[in-house]
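Sequential numbering from 2 applies to the sequence shown in my numbering. All C-beta atoms, glycine included, are put in the ideal place defined by N, C-alpha and C. Since the structure is predicted, the reported quantities are computational estimates derived from the model, not experimental observations.
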Amino acid sequence: FPDMQFIAEHYQPDLVLMPIGGNFTMDPLDAAYAARTWVKPKNVIPMHYGANPLTNGKPEDFVNAMKGSSSKVTVMTEGQTVEF
2 FPDMQFIAEH
12 YQPDLVLMPI
22 GGNFTMDPLD
32 AAYAARTWVK
42 PKNVIPMHYG
52 ANPLTNGKPE
62 DFVNAMKGSS
72 SKVTVMTEGQ
82 TVEF
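Okay, here's the thing in structure tokens:
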């Protein structure tokens with residue numbers, strides 16, 4: 002994940018949207034590893050899951066993999082808005 006390392010080193014984002022769908026993007030475990038190890042944002046929102054039958058990543062798997070991290074995970078529902 003060299004792109005994740007680059008983003009973390011050069012931008013230090015407070016909020017990231019992390020793709021977790023798998024197959025075409027990172028799966029929940031890889032996404033959690035990238036978030037916990039490199040990016041380390043204050044807030045992380047999982048995305049790119051549930052809309053395509055070829056993706057099988059689940060937000061609950063991402064949430065579980067992020068346990069113990071200092072990042073706050075927010076799983077959003079369709080149409081939901083959140084203010085940070």
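(request) Using beta-carbon positions only, say whether N44 and S70 come within less than 9 Å of one another. (result) Counting from 1 along the sequence shown, the entry for residue 44 is found at position 43. Counting from 1 along the sequence shown, the entry for residue 70 is found at position 69. Going by C-beta atoms, N44 is not nearer than 9 Å to S70.
(request) Closer than 6 Å by C-beta to M19: which residues in its own chain qualify, once you throw out the five before and the five after it? Chain order, please. (result) As a first step, residue 19 must be located in the sequence shown, where it is residue number 18. Answer for M19: A32, A36, V45, P47, listed in chain order.
(message) Just to confirm the assignment, what range does the alpha helix (DSSP H) spanning N53 have?
(response) The residue labelled residue 53 in the question sits at position 52 within the sequence shown. Taken as a continuous stretch (DSSP letters only), N53 belongs to no alpha helix (DSSP H), as it is neither H nor E.
(message) Suppose contacts are defined by Cβ-Cβ distances below 9 Å. Is T26 in contact with T75 by that definition?
(response) Start at 1 with the first residue of the sequence shown, and residue 26 comes out as number 25. Start at 1 with the first residue of the sequence shown, and residue 75 comes out as number 74. No.
(message) With DSSP as the reference, identify every bridge partner of I21, one or two as the case may be.
(response) Here the question's residue 21 lines up with position 20 in the sequence shown. Answer by DSSP bridge pairing: none, since I21 is not bridged.
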